[in-house]
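Quick note on numbering: the sequence shown equals residues 1 to 398 in the UniProt record's numbering.
The beta carbon of each residue, even a glycine, is placed where N, CA and C say it ideally should be.
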Amino acid sequence: MGFWNKSLYLILLIAFFGMMGGALMGPVLPALMDPFGVTESRVGLVLGVYTFFTAVTMPFVGSLIDSFGRKKVAFICLVVNGFAGVGCSIASNFVVLLVFRAVQGVGIAGLMPVAMTLIDDLYQEEEKVRAMGRLSTTTAVGGVLAPLLGGSLAFLNWRYPFYFYGLSIPVAIASISYLPDRNKTNLDDEPEKGLNRASELKSCLMKVDLIAILASAFLIFFLLYTIVTFLPMKLVNQLGYTEMEAGIILAALALTGAIVALNIEKISPKSSFKPLISLGFLLTGSGVILLSISPTIKQIIPSLLIFGAGMGLIQPLLNDVVTDLAPDTAVGTTTSIYNTMKYVGQTAAPLFFGWILISTNLNTVFLVSGLIGITGAIIAAIQTQRKNKKPKNKELTR
1 MGFWNKSLYL
11 ILLIAFFGMM
21 GGALMGPVLP
31 ALMDPFGVTE
41 SRVGLVLGVY
51 TFFTAVTMPF
61 VGSLIDSFGR
71 KKVAFICLVV
81 NGFAGVGCSI
91 ASNFVVLLVF
101 RAVQGVGIAG
111 LMPVAMTLID
121 DLYQEEEKVR
131 AMGRLSTTTA
141 VGGVLAPLLG
151 GSLAFLNWRY
161 PFYFYGLSIP
171 VAIASISYLP
181 DRNKTNLDDE
191 PEKGLNRASE
201 LKSCLMKVDL
211 IAILASAFLI
221 FFLLYTIVTF
231 LPMKLVNQLG
241 YTEMEAGIIL
251 AALALTGAIV
261 ALNIEKISPK
271 SSFKPLISLG
281 FLLTGSGVIL
291 LSISPTIKQI
301 IPSLLIFGAG
311 MGLIQPLLND
321 VVTDLAPDTA
331 VGTTTSIYNT
341 MKYVGQTAAP
351 LFFGWILIST
361 NLNTVFLVSG
371 LIGITGAIIA
381 AIQTQRKNKK
391 PKNKELTR
(Lines of atoms letter the chains of each structure in order from A and count residues from 1; the text may use other names and numbers.)
(Lines give C-alpha, C1' and ligand atoms only; values in the text may rest on other atoms or scores of the structure.)
Protein backbone atom coordinates (compact mmCIF):
# COMPACT_ATOMS: atom_id res chain seq x y z
CA MET A 1 0.00 0.00 0.00
CA GLY A 2 1.42 3.38 -1.03
CA PHE A 3 1.38 6.39 1.25
CA TRP A 4 -1.39 8.15 -0.64
CA ASN A 5 -4.37 5.80 -1.01
CA LYS A 6 -8.16 5.87 -0.81
CA SER A 7 -8.10 5.07 2.89
CA LEU A 8 -5.91 8.07 3.70
CA TYR A 9 -8.07 10.43 1.64
CA LEU A 10 -11.13 9.20 3.55
CA ILE A 11 -9.33 9.52 6.88
CA LEU A 12 -8.51 13.14 6.08
CA LEU A 13 -12.13 13.81 5.09
CA ILE A 14 -13.28 12.31 8.38
CA ALA A 15 -10.86 14.58 10.25
CA PHE A 16 -12.11 17.53 8.20
CA PHE A 17 -15.71 16.94 9.28
CA GLY A 18 -14.49 16.27 12.80
CA MET A 19 -13.37 19.88 13.16
CA MET A 20 -16.18 21.54 11.18
CA GLY A 21 -18.80 21.22 13.91
CA GLY A 22 -17.51 24.30 15.66
CA ALA A 23 -15.25 26.07 13.15
CA LEU A 24 -18.05 26.49 10.61
CA MET A 25 -20.39 28.05 13.18
CA GLY A 26 -18.29 30.94 14.53
CA PRO A 27 -19.24 33.54 11.90
CA VAL A 28 -22.80 32.16 11.81
CA LEU A 29 -23.61 33.04 15.44
CA PRO A 30 -24.55 36.70 14.84
CA ALA A 31 -26.93 35.60 12.07
CA LEU A 32 -28.79 33.34 14.53
CA MET A 33 -29.58 36.07 17.06
CA ASP A 34 -32.55 37.71 15.31
CA PRO A 35 -34.27 34.56 13.94
CA PHE A 36 -34.22 32.92 17.37
CA GLY A 37 -34.52 36.07 19.48
CA VAL A 38 -31.41 35.48 21.61
CA THR A 39 -28.72 37.78 22.99
CA GLU A 40 -24.93 37.69 22.60
CA SER A 41 -24.59 35.94 25.95
CA ARG A 42 -26.97 33.11 24.91
CA VAL A 43 -26.17 32.51 21.25
CA GLY A 44 -22.80 31.04 22.26
CA LEU A 45 -24.75 28.01 23.52
CA VAL A 46 -24.97 26.87 19.89
CA LEU A 47 -21.28 26.07 20.27
CA GLY A 48 -21.34 25.28 23.99
CA VAL A 49 -24.06 22.62 23.87
CA TYR A 50 -22.49 20.92 20.85
CA THR A 51 -19.04 20.78 22.41
CA PHE A 52 -20.42 19.65 25.78
CA PHE A 53 -22.13 16.60 24.31
CA THR A 54 -19.09 15.84 22.19
CA ALA A 55 -16.88 15.94 25.27
CA VAL A 56 -19.22 13.74 27.33
CA THR A 57 -19.63 11.17 24.55
CA MET A 58 -16.06 10.95 23.30
CA PRO A 59 -14.54 8.69 26.01
CA PHE A 60 -17.26 6.09 25.42
CA VAL A 61 -16.80 6.32 21.66
CA GLY A 62 -13.08 5.79 22.15
CA SER A 63 -13.72 2.48 23.86
CA LEU A 64 -15.99 1.46 20.97
CA ILE A 65 -13.25 2.31 18.49
CA ASP A 66 -10.94 -0.17 20.23
CA SER A 67 -13.53 -2.93 20.67
CA PHE A 68 -16.34 -2.47 18.13
CA GLY A 69 -14.20 -1.45 15.17
CA ARG A 70 -12.96 1.68 13.44
CA LYS A 71 -15.09 1.40 10.31
CA LYS A 72 -18.39 0.85 12.14
CA VAL A 73 -17.84 3.77 14.49
CA ALA A 74 -16.81 6.06 11.62
CA PHE A 75 -19.92 5.17 9.60
CA ILE A 76 -22.36 5.72 12.48
CA CYS A 77 -20.76 8.99 13.56
CA LEU A 78 -20.71 10.41 10.04
CA VAL A 79 -24.39 9.57 9.49
CA VAL A 80 -25.50 11.07 12.81
CA ASN A 81 -23.45 14.20 12.16
CA GLY A 82 -25.01 14.62 8.72
CA PHE A 83 -28.65 14.17 9.67
CA ALA A 84 -28.45 16.16 12.92
CA GLY A 85 -26.57 18.98 11.22
CA VAL A 86 -29.18 19.30 8.50
CA GLY A 87 -31.87 19.03 11.18
CA CYS A 88 -30.64 22.29 12.70
CA SER A 89 -31.83 24.08 9.57
CA ILE A 90 -35.47 23.20 10.31
CA ALA A 91 -35.39 24.09 14.02
CA SER A 92 -38.55 25.99 14.98
CA ASN A 93 -37.08 27.61 18.09
CA PHE A 94 -33.80 27.97 19.97
CA VAL A 95 -34.37 24.96 22.22
CA VAL A 96 -34.96 22.67 19.22
CA LEU A 97 -31.82 24.06 17.60
CA LEU A 98 -29.81 23.21 20.71
CA VAL A 99 -31.26 19.68 20.78
CA PHE A 100 -30.13 19.07 17.20
CA ARG A 101 -26.70 20.51 18.03
CA ALA A 102 -26.47 18.17 21.03
CA VAL A 103 -27.20 15.15 18.82
CA GLN A 104 -24.69 16.41 16.28
CA GLY A 105 -22.12 16.65 19.06
CA VAL A 106 -22.69 12.97 19.87
CA GLY A 107 -22.17 12.06 16.22
CA ILE A 108 -19.05 14.11 15.72
CA ALA A 109 -17.42 12.76 18.89
CA GLY A 110 -15.83 9.79 17.16
CA LEU A 111 -14.53 11.40 14.00
CA MET A 112 -11.17 12.81 15.07
CA PRO A 113 -10.30 9.83 17.33
CA VAL A 114 -11.16 7.43 14.49
CA ALA A 115 -8.95 9.38 12.08
CA MET A 116 -5.98 9.41 14.46
CA THR A 117 -6.42 5.72 15.35
CA LEU A 118 -6.63 4.64 11.70
CA ILE A 119 -3.39 6.48 10.93
CA ASP A 120 -1.78 4.70 13.87
CA ASP A 121 -3.06 1.39 12.44
CA LEU A 122 -1.92 1.95 8.87
CA TYR A 123 1.43 3.68 9.22
CA GLN A 124 4.63 3.23 11.18
CA GLU A 125 7.71 5.30 12.02
CA GLU A 126 8.44 8.07 9.48
CA GLU A 127 5.29 7.41 7.43
CA LYS A 128 3.15 7.75 10.54
CA VAL A 129 4.78 11.10 11.33
CA ARG A 130 4.13 12.18 7.74
CA ALA A 131 0.49 11.04 7.87
CA MET A 132 -0.10 12.84 11.17
CA GLY A 133 1.38 15.91 9.53
CA ARG A 134 -1.16 15.62 6.72
CA LEU A 135 -3.94 15.33 9.30
CA SER A 136 -2.73 18.48 11.07
CA THR A 137 -2.52 20.26 7.73
CA THR A 138 -6.05 19.16 6.84
CA THR A 139 -7.49 20.54 10.05
CA ALA A 140 -5.47 23.74 9.64
CA VAL A 141 -6.68 24.25 6.06
CA GLY A 142 -10.18 23.38 7.26
CA GLY A 143 -9.76 26.10 9.82
CA VAL A 144 -9.17 28.54 6.96
CA LEU A 145 -12.07 27.31 4.83
CA ALA A 146 -14.64 26.82 7.60
CA PRO A 147 -15.13 30.45 8.68
CA LEU A 148 -15.05 31.59 5.05
CA LEU A 149 -17.69 29.04 4.13
CA GLY A 150 -19.80 29.55 7.25
CA GLY A 151 -19.79 33.32 6.97
CA SER A 152 -20.54 33.28 3.24
CA LEU A 153 -23.45 30.86 3.59
CA ALA A 154 -24.87 32.68 6.63
CA PHE A 155 -24.76 35.94 4.67
CA LEU A 156 -27.22 34.35 2.23
CA ASN A 157 -29.38 32.58 4.82
CA TRP A 158 -28.74 31.33 8.36
CA ARG A 159 -29.97 27.84 7.37
CA TYR A 160 -27.43 27.27 4.60
CA PRO A 161 -24.37 26.51 6.79
CA PHE A 162 -26.25 23.62 8.39
CA TYR A 163 -26.88 22.03 4.99
CA PHE A 164 -23.13 21.61 4.58
CA TYR A 165 -23.03 18.98 7.33
CA GLY A 166 -25.14 16.70 5.12
CA LEU A 167 -22.06 16.07 2.98
CA SER A 168 -20.73 13.77 5.69
CA ILE A 169 -23.36 11.19 4.66
CA PRO A 170 -21.70 10.41 1.27
CA VAL A 171 -18.40 10.14 3.14
CA ALA A 172 -20.05 7.60 5.47
CA ILE A 173 -21.17 5.53 2.48
CA ALA A 174 -17.67 5.61 0.98
CA SER A 175 -16.17 4.52 4.30
CA ILE A 176 -17.95 1.17 4.05
CA SER A 177 -15.92 0.24 0.98
CA TYR A 178 -12.58 1.94 1.50
CA LEU A 179 -11.80 2.07 5.21
CA PRO A 180 -9.90 -0.81 6.84
CA ASP A 181 -11.33 -2.23 10.03
CA ARG A 182 -8.58 -3.91 11.94
CA ASN A 183 -6.58 -3.54 15.12
CA LYS A 184 -2.88 -2.99 14.49
CA THR A 185 -1.89 -5.44 17.21
CA ASN A 186 -4.57 -8.04 16.40
CA LEU A 187 -5.53 -8.43 20.04
CA ASP A 188 -9.21 -9.06 19.40
CA ASP A 189 -8.73 -12.82 19.79
CA GLU A 190 -7.34 -12.56 23.31
CA PRO A 191 -9.98 -13.09 26.02
CA GLU A 192 -8.10 -10.88 28.43
CA LYS A 193 -7.87 -7.96 25.96
CA GLY A 194 -10.25 -5.74 27.95
CA LEU A 195 -8.27 -6.20 31.17
CA ASN A 196 -4.98 -5.59 29.38
CA ARG A 197 -6.36 -2.44 27.76
CA ALA A 198 -7.64 -1.04 31.05
CA SER A 199 -4.37 -1.76 32.85
CA GLU A 200 -2.19 -0.19 30.17
CA LEU A 201 -4.50 2.80 29.84
CA LYS A 202 -4.41 3.43 33.59
CA SER A 203 -0.61 3.34 33.54
CA CYS A 204 -0.53 5.69 30.55
CA LEU A 205 -2.86 8.22 32.18
CA MET A 206 -0.50 8.48 35.16
CA LYS A 207 2.38 9.73 32.99
CA VAL A 208 3.28 13.36 33.62
CA ASP A 209 3.83 13.98 29.90
CA LEU A 210 0.32 12.78 29.03
CA ILE A 211 -1.23 14.91 31.77
CA ALA A 212 0.61 17.91 30.31
CA ILE A 213 -0.65 17.05 26.82
CA LEU A 214 -4.26 16.78 28.03
CA ALA A 215 -4.05 20.09 29.90
CA SER A 216 -2.53 21.76 26.84
CA ALA A 217 -5.29 20.39 24.60
CA PHE A 218 -7.90 21.90 26.92
CA LEU A 219 -6.21 25.28 27.12
CA ILE A 220 -5.48 25.83 23.44
CA PHE A 221 -9.09 25.16 22.47
CA PHE A 222 -10.36 27.24 25.38
CA LEU A 223 -8.42 30.16 23.91
CA LEU A 224 -9.45 29.37 20.33
CA TYR A 225 -13.15 29.27 21.14
CA THR A 226 -12.97 32.56 22.97
CA ILE A 227 -12.11 34.01 19.57
CA VAL A 228 -14.42 31.81 17.48
CA THR A 229 -17.41 32.62 19.70
CA PHE A 230 -16.94 36.27 20.62
CA LEU A 231 -14.85 37.94 17.91
CA PRO A 232 -17.64 37.64 15.27
CA MET A 233 -19.93 39.50 17.70
CA LYS A 234 -17.43 42.34 17.93
CA LEU A 235 -16.92 42.42 14.18
CA VAL A 236 -20.62 42.28 13.25
CA ASN A 237 -22.39 44.04 16.12
CA GLN A 238 -19.79 46.69 17.00
CA LEU A 239 -17.70 47.27 13.87
CA GLY A 240 -20.46 46.75 11.28
CA TYR A 241 -18.99 43.90 9.24
CA THR A 242 -21.18 41.24 7.63
CA GLU A 243 -21.06 37.58 8.62
CA MET A 244 -19.18 36.85 5.38
CA GLU A 245 -16.57 39.49 6.17
CA ALA A 246 -16.26 38.17 9.73
CA GLY A 247 -15.52 34.73 8.29
CA ILE A 248 -12.81 36.13 6.04
CA ILE A 249 -11.22 37.92 8.99
CA LEU A 250 -11.28 34.76 11.14
CA ALA A 251 -9.56 32.89 8.33
CA ALA A 252 -6.42 34.94 8.98
CA LEU A 253 -6.01 33.03 12.24
CA ALA A 254 -6.18 29.63 10.57
CA LEU A 255 -3.99 30.68 7.65
CA THR A 256 -0.94 31.38 9.81
CA GLY A 257 -1.70 28.23 11.77
CA ALA A 258 -1.56 26.19 8.57
CA ILE A 259 1.72 27.79 7.47
CA VAL A 260 3.44 27.13 10.80
CA ALA A 261 2.09 23.56 11.03
CA LEU A 262 3.44 22.76 7.57
CA ASN A 263 6.91 24.04 8.45
CA ILE A 264 7.32 22.94 12.06
CA GLU A 265 10.15 20.51 11.27
CA LYS A 266 12.07 23.34 9.62
CA ILE A 267 11.37 25.63 12.57
CA SER A 268 12.81 23.21 15.13
CA PRO A 269 13.53 19.70 13.83
CA LYS A 270 15.15 18.31 16.98
CA SER A 271 13.69 20.38 19.79
CA SER A 272 11.97 19.07 22.87
CA PHE A 273 8.23 19.65 22.69
CA LYS A 274 7.77 21.45 26.04
CA PRO A 275 9.66 24.67 25.19
CA LEU A 276 7.71 24.88 21.94
CA ILE A 277 4.43 24.42 23.81
CA SER A 278 5.42 27.28 26.13
CA LEU A 279 6.25 29.49 23.15
CA GLY A 280 2.95 28.55 21.51
CA PHE A 281 0.94 29.61 24.56
CA LEU A 282 2.92 32.83 24.81
CA LEU A 283 1.89 33.65 21.24
CA THR A 284 -1.74 32.61 21.60
CA GLY A 285 -2.20 34.35 24.94
CA SER A 286 -0.61 37.53 23.60
CA GLY A 287 -2.81 37.43 20.51
CA VAL A 288 -6.00 37.24 22.57
CA ILE A 289 -4.87 40.04 24.91
CA LEU A 290 -4.17 42.26 21.90
CA LEU A 291 -7.77 41.75 20.75
CA SER A 292 -8.92 43.46 23.95
CA ILE A 293 -7.13 46.65 22.91
CA SER A 294 -7.80 46.44 19.16
CA PRO A 295 -10.49 48.98 18.17
CA THR A 296 -10.17 48.54 14.40
CA ILE A 297 -9.47 45.84 11.86
CA LYS A 298 -5.90 47.12 11.43
CA GLN A 299 -5.13 45.95 14.96
CA ILE A 300 -7.36 42.86 14.91
CA ILE A 301 -5.67 41.17 11.93
CA PRO A 302 -2.13 41.20 13.45
CA SER A 303 -3.58 39.87 16.71
CA LEU A 304 -5.13 36.94 14.84
CA LEU A 305 -1.91 36.27 12.93
CA ILE A 306 0.01 36.04 16.21
CA PHE A 307 -2.60 33.72 17.71
CA GLY A 308 -2.62 31.53 14.60
CA ALA A 309 1.16 31.12 14.69
CA GLY A 310 0.96 29.85 18.27
CA MET A 311 -1.91 27.52 17.39
CA GLY A 312 0.02 26.11 14.44
CA LEU A 313 2.99 25.45 16.69
CA ILE A 314 1.06 23.66 19.43
CA GLN A 315 -1.45 21.50 17.54
CA PRO A 316 0.81 19.18 15.48
CA LEU A 317 3.09 18.68 18.48
CA LEU A 318 0.20 17.51 20.65
CA ASN A 319 -1.20 15.19 17.95
CA ASP A 320 2.18 13.52 17.47
CA VAL A 321 3.07 13.07 21.13
CA VAL A 322 -0.29 11.69 22.28
CA THR A 323 -0.17 8.76 19.83
CA ASP A 324 3.41 8.02 20.90
CA LEU A 325 2.30 7.78 24.52
CA ALA A 326 -0.82 5.69 23.86
CA PRO A 327 -0.58 1.91 24.49
CA ASP A 328 -1.19 -0.16 21.34
CA THR A 329 -4.25 -1.78 22.92
CA ALA A 330 -5.96 1.54 23.68
CA VAL A 331 -5.00 4.03 20.97
CA GLY A 332 -8.65 4.84 20.28
CA THR A 333 -9.44 5.39 23.94
CA THR A 334 -6.34 7.50 24.57
CA THR A 335 -6.88 9.73 21.55
CA SER A 336 -10.54 10.06 22.53
CA ILE A 337 -9.59 11.29 26.00
CA TYR A 338 -7.17 13.70 24.36
CA ASN A 339 -9.82 15.01 21.97
CA THR A 340 -12.32 15.15 24.83
CA MET A 341 -10.11 17.71 26.53
CA LYS A 342 -10.25 19.82 23.39
CA TYR A 343 -14.04 19.79 23.46
CA VAL A 344 -14.13 20.52 27.18
CA GLY A 345 -12.10 23.62 26.38
CA GLN A 346 -14.45 24.50 23.53
CA THR A 347 -17.42 24.08 25.87
CA ALA A 348 -15.94 25.99 28.78
CA ALA A 349 -15.03 29.12 26.80
CA PRO A 350 -18.51 30.20 25.60
CA LEU A 351 -20.14 29.19 28.89
CA PHE A 352 -17.58 30.88 31.16
CA PHE A 353 -17.19 34.03 29.11
CA GLY A 354 -20.91 34.22 28.33
CA TRP A 355 -21.39 34.54 32.09
CA ILE A 356 -18.64 37.17 32.31
CA LEU A 357 -20.15 39.06 29.37
CA ILE A 358 -23.41 39.59 31.27
CA SER A 359 -21.71 42.06 33.61
CA THR A 360 -18.72 43.22 31.54
CA ASN A 361 -17.90 43.63 27.83
CA LEU A 362 -16.13 41.83 24.99
CA ASN A 363 -12.80 43.52 25.65
CA THR A 364 -12.81 42.14 29.20
CA VAL A 365 -13.55 38.68 27.81
CA PHE A 366 -10.48 38.81 25.55
CA LEU A 367 -8.27 40.23 28.30
CA VAL A 368 -9.15 37.53 30.84
CA SER A 369 -8.80 34.75 28.26
CA GLY A 370 -5.41 36.03 27.13
CA LEU A 371 -4.11 36.22 30.70
CA ILE A 372 -5.14 32.58 31.17
CA GLY A 373 -3.11 31.72 28.07
CA ILE A 374 -0.05 33.56 29.37
CA THR A 375 -0.42 31.64 32.64
CA GLY A 376 -0.31 28.42 30.60
CA ALA A 377 2.91 29.59 28.94
CA ILE A 378 4.50 30.25 32.34
CA ILE A 379 3.49 26.82 33.67
CA ALA A 380 4.84 25.12 30.53
CA ALA A 381 8.10 27.04 30.89
CA ILE A 382 8.45 25.86 34.49
CA GLN A 383 7.82 22.27 33.38
CA THR A 384 10.54 22.68 30.77
CA GLN A 385 13.09 22.85 33.57
CA ARG A 386 12.20 19.25 34.43
CA LYS A 387 12.40 16.23 32.15
CA ASN A 388 11.56 17.68 28.76
CA LYS A 389 12.55 15.17 26.11
CA LYS A 390 9.94 14.12 23.62
CA PRO A 391 8.82 10.47 24.01
CA LYS A 392 10.52 7.90 21.80
CA ASN A 393 12.82 10.58 20.40
CA LYS A 394 10.59 10.93 17.35
CA GLU A 395 10.91 13.83 14.99
CA LEU A 396 8.20 16.42 15.23
CA THR A 397 5.21 16.05 12.99
CA ARG A 398 4.26 18.73 10.61
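If you check the beta carbons only, do THR333 and SER63 fall under 7 Å apart? Here residue 333 is taken as the residue at index 333 of the sequence shown, counted from 1. Here residue 63 is taken as the residue at index 63 of the sequence shown, counted from 1. Yes, these two residues count as a Cβ contact at 7 Å.
Please report the straight-line C-alpha distance between ILE297 and ASN363, rounded to a whole angstrom. Within the sequence shown, the letter at position 297 stands for residue 297. Within the sequence shown, the letter at position 363 stands for residue 363. ILE297 and ASN363: Cα-Cα distance of roughly 14 Å.
Between which residues of its own chain and LEU357 is the CB-CB distance below 7 Å, once the five residues before and five after are set aside? By one-based count along the sequence shown, residue 357 stands at place 357. GLU40, SER41, VAL365, listed in sequence order.
Buried versus exposed call for ASP209 [16 or more other C-beta atoms within 10 Å across all chains shown]: What you label residue 209 is simply residue 209 of the sequence shown in a count that begins at 1. It is buried - the Cβ of ASP209 has at least 16 other Cβ atoms within 10 Å.
Whole-angstrom distance between GLY370 and SER359, CA atom to CA atom: Sequence index remark: in the sequence shown, residue 359 carries index 359 (1-based). Sequence index remark: in the sequence shown, residue 370 carries index 370 (1-based). The straight-line gap from Cα to Cα measures roughly 19 Å.
Which runs of the alpha helix (DSSP H) at least 4 residues long sit entirely within the segment 256 to 337? Give them in chain order. 264 to 267, 273 to 291, 297 to 325
Check whether the Cβ of VAL96 lies closer than 7 Å to any Cβ atom in chain C. Chain labels in this structure do not include chain C; a single protein chain is all it has.
For a test of the three-state rule: what should DSSP assign to ARG159, helix, strand or coil? Numbered from 1 along the sequence shown, position 159 holds the residue referred to as residue 159. Looking at ARG159 - three-state DSSP - the assignment turns out to be coil, as it is neither helix nor strand.
Can you name, in chain order, every residue of its own chain whose Cβ lies under 8 Å from the Cβ of LEU239, other than the five neighbours on each side? Residue mapping note: residue 239 aligns to position 239 of the sequence shown, counting from 1. Taken in chain order, the residues that qualify are THR296, ILE297.
For VAL46, three-class secondary structure by DSSP: Residue numbering aside, residue 46 sits at position 46 when the sequence shown is read from its first letter. The answer is helix: DSSP assigns VAL46 an H, G or I state.
Assign ASP320 to buried or exposed, taking buried as 16 or more other Cβ atoms, counted over all protein chains shown, within 10 Å of its Cβ. Residue 320 sits at position 320 when you count from the first residue of the sequence shown. Classification for ASP320: buried.
Grab the span of the alpha helix (DSSP H) containing THR226 for me, first residue to last. Here residue 226 corresponds to residue number 226 of the sequence shown, with the count starting at 1. Segment 208 to 233, the alpha helix (DSSP H) holding THR226.
Starting from GLY22, trace the alpha helix (DSSP H) both ways and give me its first and last residue. For the purposes of this step, residue 22 is identified with residue 22 of the sequence shown, where counting begins at 1. From DSSP, the alpha helix (DSSP H) with GLY22 extends over 6 to 23.
Alpha-carbon to alpha-carbon, SER92 and ALA212: For the purposes of this step, residue 212 is taken as the residue at position 212 of the sequence shown. For the purposes of this step, residue 92 is taken as the residue at position 92 of the sequence shown. If I take the Cα positions, the gap works out to 43 Å.
Which of the three DSSP states, helix, strand or coil, is assigned to GLN124? What you label residue 124 is simply residue 124 of the sequence shown in a count that begins at 1. Note: GLN124 maps to coil in three-state DSSP.
Which of the three DSSP states is assigned to PRO59 in this structure? The sequence position of residue 59 within the sequence shown is 59, counting from 1. DSSP places PRO59 in helix when its eight states are reduced to three.
Backbone CA spacing between ALA23 and VAL344 [nearest angstrom]: One-based indexing of the sequence shown puts residue 23 at position 23. One-based indexing of the sequence shown puts residue 344 at position 344. Between ALA23 and VAL344, the C-alpha separation is close to 15 Å.
Would DSSP call PRO180 helix, strand or coil? On the sequence shown, position 180 is the one that residue 180 refers to. Coil at PRO180, not helix or strand.
Using three-state DSSP, classify ALA31 as helix, strand or coil. For this step, residue 31 is matched to residue 31 along the sequence shown. Helix, per DSSP.
Neighbourhood of ARG159 by C-beta, 6 Å cutoff - its chain only, sequence neighbours within 5 removed: In the sequence shown, residue 159 corresponds to position 159, counting from 1. Cβ within range, chain order: SER89.
Could you say which of ALA380, ASP34, VAL114, PHE307 lies nearest to ILE259 if we only look at CA atoms? If you number the sequence shown from 1, residue 259 lands on position 259. Considering only alpha carbons, the answer is PHE307.
Just mark TYR338 as buried or exposed, buried being the case when its beta carbon has 16 or more other beta carbons within 10 Å. Residue 338 sits at position 338 when you count from the first residue of the sequence shown. Buried is the call here.
Opening and closing residue of the alpha helix (DSSP H) in which CYS77 lies: As a first step, residue 77 must be located in the sequence shown, where it is residue number 77. Per DSSP, CYS77 belongs to the alpha helix (DSSP H) from 70 to 87.
Under DSSP, the alpha helix (DSSP H) around GLN238 begins and ends at which residues? In the sequence shown, residue 238 corresponds to position 238, counting from 1. Element bounds for GLN238: n/a, residue is neither H nor E.
Please classify ASN93: does DSSP put it in a helix, a strand, or coil? The residue given as residue 93 occupies position 93 in the sequence shown. It is coil, neither helix nor strand.
Using the Cβ count rule (16 or more neighbours within 10 Å means buried), how would you classify THR375? Locating residue 375 in the sequence shown gives position 375, where the first residue counts as 1. Per the 10 Å Cβ criterion, exposed.
From this set, ARG101, VAL114, VAL43, which residue's C-alpha is nearest ASP66's C-alpha? As a working note, residue 66 is residue 66 in the sequence shown. Ranking ARG101, VAL114, VAL43 by Cα distance to ASP66 puts VAL114 first.
Give me, in chain order, the residues of the same chain whose beta-carbon lies closer than 7 Å to that of GLY48; leave out the 5 immediate sequence neighbours on both sides. In the sequence shown, the residue the question calls residue 48 occupies position 48. Taken in chain order, the residues that qualify are THR347, PRO350, LEU351.
I'd like to know if the segment 281 to 290 and the segment 214 to 230 are in contact, where contact means that at least 3 CB-CB pairs between them fall below 8 Å. yes
Please report how far the alpha carbon of LEU78 lies from the alpha carbon of SER175, in whole angstroms. Residue numbering aside, residue 78 sits at position 78 when the sequence shown is read from its first letter. Residue numbering aside, residue 175 sits at position 175 when the sequence shown is read from its first letter. Going from the Cα of LEU78 to the Cα of SER175 covers about 9 Å.
Does the beta-carbon of LYS207 have 16 or more other beta-carbons within 10 angstroms, so that it is buried, or is it exposed? The residue you call residue 207 lines up with position 207 of the sequence shown. It counts as exposed.
Pull up the distance between the alpha-carbon of VAL141 and that of TRP355, whole angstroms please. One-based indexing of the sequence shown puts residue 141 at position 141. One-based indexing of the sequence shown puts residue 355 at position 355. So the two alpha carbons sit approximately 32 Å from each other.
Excluding sequence positions up to five away, which residues of its chain have a Cβ less than 8 Å from the Cβ of MET58? Walking along the sequence shown from the start, residue 58 turns up at place 58. Within the same chain, MET58 has close Cβ partners ALA109, GLY110, PRO113, SER336, ILE337, ASN339, THR340, TYR343.
Using alpha carbons as the reference points, say which of LEU231, PRO27, PHE155 lies closest to ILE293. The residue you call residue 293 lines up with position 293 of the sequence shown. The shortest C-alpha separation from ILE293 is found at LEU231.
Top-ranked residue by Cα proximity to MET233, from LEU97, PHE16, ALA31: Working through the sequence shown from its first residue, we reach residue 233 at position 233. Checking every option, the nearest Cα to that of MET233 belongs to ALA31.
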